[in-house]
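Trainee: What follows is a single structure, and I will ask about it in a moment.
Protein chains in written order, with this note's numbering: chain A, 7 to 400; chain B, -5 to 472.
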């Protein structure tokens, strides 16, 4: 079912005889667990910007509006989507575009997340239909709002398991006048994370902090000429600020090695590639995402190398993308390394039977599992919205 | 007086045994049940409402909080969590049959990690205490509510507190990584951690701003940020609210996001100037305080751009601070605003709605009309970047009719905020103050959804049951 308005979503849910697989264009179906449902309910038919007030830094769009379209609309007014939601279709083996509803439902953020917050931090309001077929509005269209329980945050990242998001209202910001990227060459992961920690702990407002091993850097056009591992720090601001800050930051990072600079145009392409995890698009096997205390990022890389997996780091070491064999043994290695580091993993791409059988995200504390089941029932008492998407039987 | 849920009479009848049970869980000084010593806990920052609780407990550890909650839960006793008691919405107002759980003794900073830019602190650490603990290394904790000298991080989490710098740094929710909570039945749970994104449902986001409805927060992992090289303010005064509003629009549309963008109307300017002698222009109808960050050269660049924009809006005066001292002088009046209004009026209500910023001139006009018809003065302070409006309604608490008029005036303003596309509260929370207005913003279906969400955490409605939601028939007749 691909309704073209919210009323159609309501009707589809009210008349559903059984579980519904909830999706936009389906660009992220490869992540988490496959949903066992006879019918699919898509928000891809709900499209278009419904409200945009650039001077108030607020835009609303129906859930099925593509990220690309939304980014273009705000770019025309010199603004950008703050969390730079990535386009993960290629990584996840889909030729479909990501929608803004999907980016919010999955709480997916790009490199800027390390400095400017996650997708969910910029959701000012949304409309959704719960499993009872009721329309819910949460939040609003103003930047500061603490009225009632924050259903916006709960639904952001709930992967369609509580309600079907039909429209989102986002905070946007002026796009930077200029970007630049500082590059350290040849750093092993531990040194890279230390350098990125220094950069992020500087007063220069670093808005991207990533590390790629040599073999992955070679796949990125703007980096391939450098050779070796690369450690990357991005600056974005007015041109005089970027000029000043890149010189200061270069001096501060000198203790870690020689610093190269990438210009505005190269930086724009590079950080889109990092957000979209482009270097791993053609890697065979499974993909995991690990969120961890940044200083633990290097340890995860080492543990993954031991099982023959490849990693790249974003968020100053706090986000580890892992590409490894699609085996239970590899998954258990991911689980063990992540647990030891006090972080969380998410299975992003794996064969269906396999990801039905493993914990695609860590099981939460038992107390929250019980509360979570009651929260699910509070929104979706029949258990028809994306059942089993994150956790088997829930 | 605000309506309270009907006390649970069986709980009141068991008062002595409940207090005795609490005394078995805590050291001598940790349980207060003597009427005179309960006095300080009968109200908070919304001092018009008072209610003495059954008892106050002052735990020092998460384990003690867990024992208290397990006990209260099994005894069916209502609980009201409390930090420093600075809530302006009555978020810590007790109930007659409730135990107040005061977190102020849990005031230790447990860990500071500069490499990973986070700190773990107990709920009773003050907001400013976090920044003070990391300032020697030029770090800070970003949200800065006006009460930051006194208010505690546990309360900040529960109210999702804001401050004057939200446009750049976000509110509390945007600056948290993890929580340690105690559920209503006494289980200790870690939410999030030192990593940026959790997997699974966003419990951290839901608990933030939940006003004590879902759990007790005992520890908080916050993000700490490196301080900018410097900051400087400027002041711009205009002939009308419309012109000042248009100037704000021009600044934002130029691509500049100042770290603070504060608006004051004529009554606010006069009150603050009389109090602080900050050199505010008394002939202006509206004034902006604009702050930027960065190196001195970056500040000069941004303040130059902003001055040029202001100059196109026919300003009465423009004053760019040349030093940190001059910046402080510009801020002095604004930061003293509450005291300043307190000086010209015996009492005032500090309201807290949010409006779309484009609506400011129209909303101020309507507030002016209401002020005339209610016969009560009002001064308006506005976080112009994020639309958060703080009308200060002046009244005389010795005259009950004056207070009731002020409350009605405030309610009318908040309804107006919703009518123009805003919301009832931007940073103070619903508490008891705005509880009965929730139906103005939400449908009954939406409120029921939120109530079911609360029930999922707190099936017996023992946690802060007199707040946030309009009283249901069940709570009225418990």
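Heads up, the beta-carbon is just placed ideally off N, CA and C, and yes, glycines get one too.
Assuming residue 336 of chain A contacts residue 315 of chain A (C-beta within less than 8 Å), just tell me the rounded distance between them.
Mentor: About 7 Å; that satisfies the 8 Å criterion.
Trainee: If you compare alpha carbons, which of B:307, B:272, B:89, B:235 is closest to residue 320 of chain B?
Mentor: It is B:272.
Trainee: Would residue 288 of chain B count as contacting chain A if we go by Cβ distances under 8 Å?
Mentor: Residue 288 of chain B counts as touching chain A.
Trainee: By the DSSP assignment, the alpha helix (DSSP H) with residue 116 of chain B in it spans what residues?
Mentor: Residue 116 of chain B -> not in any alpha helix (DSSP H); beta strand (DSSP E) instead, spanning 112 to 116.
Trainee: Please list the terminal residues of the continuous beta strand (DSSP E) segment that includes residue 372 of chain A.
Mentor: No beta strand (DSSP E) holds residue 372 of chain A; the alpha helix (DSSP H) holding it covers 372 to 385.
Trainee: Is the distance from the Cβ of residue 148 of chain A to the Cβ of residue 350 of chain B below 8 Å?
Mentor: In contact: residue 148 of chain A and residue 350 of chain B (Cβ atoms closer than 8 Å).
Trainee: Which of the three DSSP states is assigned to residue 341 of chain B in this structure?
Mentor: It is a strand residue.
Trainee: What do you get for residue 437 of chain B, buried or exposed, if any count of 16 or more other CB atoms within 10 angstroms of its CB means buried?
Mentor: It counts as exposed.
Trainee: Candidates B:369, B:140, B:233: which alpha carbon is nearest residue 402 of chain B's?
Mentor: Measuring from the Cα of residue 402 of chain B, the nearest candidate turns out to be B:369.
Trainee: So with Cβ pairs under 8 Å, would you call residue 350 of chain A a contact of chain B?
Mentor: For residue 350 of chain A, the answer is yes, since a Cβ of chain B falls inside 8 Å of its Cβ.
Trainee: Please go through the same chain and pick out, in chain order, the residues whose beta-carbon is closer than 6 Å to the beta-carbon of residue 339 of chain A, but skip the five residues on each side of it.
Mentor: Result list for residue 339 of chain A: 313, in chain order.
Trainee: Can you grab the Cα-Cα spacing for the pair residue 74 of chain A / residue 272 of chain A, in whole Å?
Mentor: Cα to Cα, residue 74 of chain A sits roughly 20 Å from residue 272 of chain A.
Trainee: Would you list, in chain order, the members of the segment 298 to 331 of chain A that have their beta-carbon closer than 8 Å to a beta-carbon of chain B?
Mentor: Listed by position, the residues of the segment 298 to 331 of chain A near chain B (Cβ gap below 8 Å) are 298, 299, 300, 301, 321, 324, 325.
Trainee: Closer than 7 Å, Cβ to any Cβ of chain A: which residues of the segment 290 to 303 of chain B, in chain order?
Mentor: The segment 290 to 303 of chain B vs chain A, Cβ under 7 Å: 291, 292, 295.
Trainee: Please list, in chain order, the chain A residues whose beta carbon lies closer than 7 Å to that of residue 197 of chain B.
Mentor: Those are 374, listed as they occur along chain A.
Trainee: Residue 134 of chain A bridges to which residues according to DSSP?
Mentor: Answer is A:142, A:171.
Trainee: Considering Cα atoms alone, identify which of B:470, B:283, B:49 is closest to residue 92 of chain B.
Mentor: Taking only the C-alpha atoms, the option nearest residue 92 of chain B is B:49.
Trainee: Nearest to residue 107 of chain A by alpha carbon, out of A:183, A:274, A:24, A:34?
Mentor: Of the listed residues, the one whose Cα sits closest to residue 107 of chain A is A:34.
Trainee: Rounded C-beta distance between residue 412 of chain B and residue 205 of chain B? I'm assuming under 8 Å.
Mentor: With a Cβ gap of about 19 Å, residue 412 of chain B and residue 205 of chain B do not count as contacting.
Trainee: When you compare only the Cα positions, how much space is there between residue 401 of chain A and residue 12 of chain A?
Mentor: Beyond the ends of chain A as shown, which are 7 and 400, falls residue 401 of chain A; an answer cannot be given.
Trainee: Can you find a CB in chain B that lies within less than 8 Å of the CB of residue 79 of chain A?
Mentor: Residue 79 of chain A does not count as touching chain B.
Trainee: Of all Cβ atoms in chain A, is any one closer than 8 Å to the Cβ of residue 427 of chain B?
Mentor: So, not an interface residue.
Trainee: Rank A:269, A:348, A:244 by C-alpha distance to the C-alpha of residue 299 of chain B and give the top, closest one.
Mentor: Here the closest residue by C-alpha is A:244.
Trainee: How would you label residue 473 of chain B, buried or exposed, when you count the other beta carbons within 10 angstroms and need 16 or more for buried?
Mentor: It is not possible to answer for residue 473 of chain B, since the shown part of chain B is limited to -5 through 472.
Trainee: Given that a residue counts as buried once 16 or more other Cβ atoms are within 10 Å of its Cβ, and exposed if not, what is residue 276 of chain B?
Mentor: Flag for residue 276 of chain B reads exposed.
Trainee: Got a sec: is the Cβ-Cβ distance from residue 417 of chain B to anything in chain A below 8 Å?
Mentor: Yes - at least one Cβ of chain A is within 8 Å of the one on residue 417 of chain B.
Trainee: Looking at the secondary structure, which residues open and close the alpha helix (DSSP H) in which residue 382 of chain B lies?
Mentor: Where residue 382 of chain B is concerned, there is no enclosing alpha helix (DSSP H), although the beta strand (DSSP E) it sits in stretches over 382 to 389.
Trainee: Would you check if the segment 193 to 204 of chain B and the segment 69 to 87 of chain B touch, i.e. whether three or more CB-CB distances between them fall below 8 Å?
Mentor: In short, these stretches do not touch, since the Cβ pair count stays below three.
Trainee: Between the segment 21 to 36 of chain A and the segment 91 to 106 of chain A, do at least 3 Cβ pairs fall closer than 8 Å?
Mentor: With the cut-off at 8 Å, the segment 21 to 36 of chain A and the segment 91 to 106 of chain A touch.
Trainee: Counting only beta-carbon atoms, is residue 480 of chain B nearer than 8 Å to chain A?
Mentor: Outside the shown range of chain B, which is -5 to 472, sits residue 480 of chain B, and nothing can be said about it.
Trainee: Flag residue 124 of chain A as yes if its beta-carbon sits less than 8 Å from any beta-carbon of chain B, otherwise no.
Mentor: Chain B, which has a Cβ nearer than 8 Å to the Cβ of residue 124 of chain A, makes this yes.
Trainee: Taking residue 189 of chain B as the query, report the chain A residues whose CB atoms sit under 7 Å from its CB, ordered along the chain.
Mentor: Simply 297, 298, 299, 324, 349, 350.
Trainee: I need the boundaries of the alpha helix (DSSP H) containing residue 195 of chain A, first residue and last residue.
Mentor: Its alpha helix (DSSP H) spans residues 195 to 206.
Trainee: Does the contact criterion of 3 or more C-beta pairs under 8 Å hold for the segment 138 to 158 of chain A versus the segment 40 to 53 of chain A?
Mentor: Touching, no, given that fewer than three Cβ pairs across the two stretches are closer than 8 Å.
Trainee: Closest to residue 181 of chain A by CA distance: which of B:182, B:451, B:246, B:59 is it?
Mentor: The option with the nearest alpha carbon to residue 181 of chain A is B:246.
Trainee: Identify which residue in A:269, A:153, A:310, A:348 has its Cα closest to the Cα of residue 249 of chain A.
Mentor: For the residues A:269, A:153, A:310, A:348, the minimum Cα distance to residue 249 of chain A belongs to A:269.
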